[in-house]
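Asks:
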């Protein structure tokens, strides 16, 4: 998978859809901002949780969005691998494959 091309395409698709449902998008944005705000858990920790959910639900675009956020937040490859090991443990074989995809995305977006 070419992560950069894939993410550019999905962002275009999301932008087109967003024009059709602006109030839903506004609400989703408000919810996302609130959920990501530092509190008892840091934004980075919350992004690792979101990545685990993305892997469990096999959502390629979600993996891309959350990996890019983790790169922006300074996540290390070692942190990624530990989080991905937990996702693999909890999700079995399918999560193993999607964890590998997430690590590849991390390498691409970190370069």
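Numbering (this note's numbering), first residue to last: 6 to 116.
Even glycine gets a Cβ: it sits at the ideal position worked out from N, Cα and C.
Just curious, the alpha helix (DSSP H) that residue 26 is in, first and last residue?
Replies: Reading the chain shown from its first residue, position 21 is the one you call residue 26. No alpha helix (DSSP H) contains residue 26, which DSSP labels as neither H nor E.
Asks: Just to check my reading of the structure: residue 52 and residue 75 have Cβ atoms closer than 8 Å, yes? What is that Cβ distance to the nearest angstrom?
Replies: Locating residue 52 in the chain shown gives position 47, counting from the first residue. Locating residue 75 in the chain shown gives position 70, counting from the first residue. Yes, residue 52 and residue 75 are in contact; Cβ-Cβ is about 5 Å, under 8 Å.
Asks: Grab the span of the alpha helix (DSSP H) containing residue 47 for me, first residue to last.
Replies: Here residue 47 is taken as the residue at index 42 of the chain shown, counted from 1. For residue 47, there is no enclosing alpha helix (DSSP H), as DSSP gives it neither H nor E.
Asks: For residue 73, does the three-state DSSP call read helix, strand or coil?
Replies: As a position in the chain shown, residue 73 is number 68, starting the count at 1. If DSSP states are grouped into helix, strand and coil, residue 73 belongs with the helices.
Asks: In the DSSP assignment, find the unbroken alpha helix (DSSP H) run with residue 93 in it and report its ends.
Replies: Here residue 93 corresponds to residue number 88 of the chain shown, with the count starting at 1. Element bounds for residue 93: 82-115.
Asks: Pull up the CB-CB distance for residue 60 and residue 100, whole angstroms please, since I reckon it's below 8 Å.
Replies: The residue labelled residue 60 in the question sits at position 55 within the chain shown. The residue labelled residue 100 in the question sits at position 95 within the chain shown. So it is a contact: roughly 5 Å between Cβ atoms.
Asks: Can you find at least 3 beta carbon pairs, one from the stretch 31-39 and one from the stretch 63-74, that sit closer than 8 Å?
Replies: no
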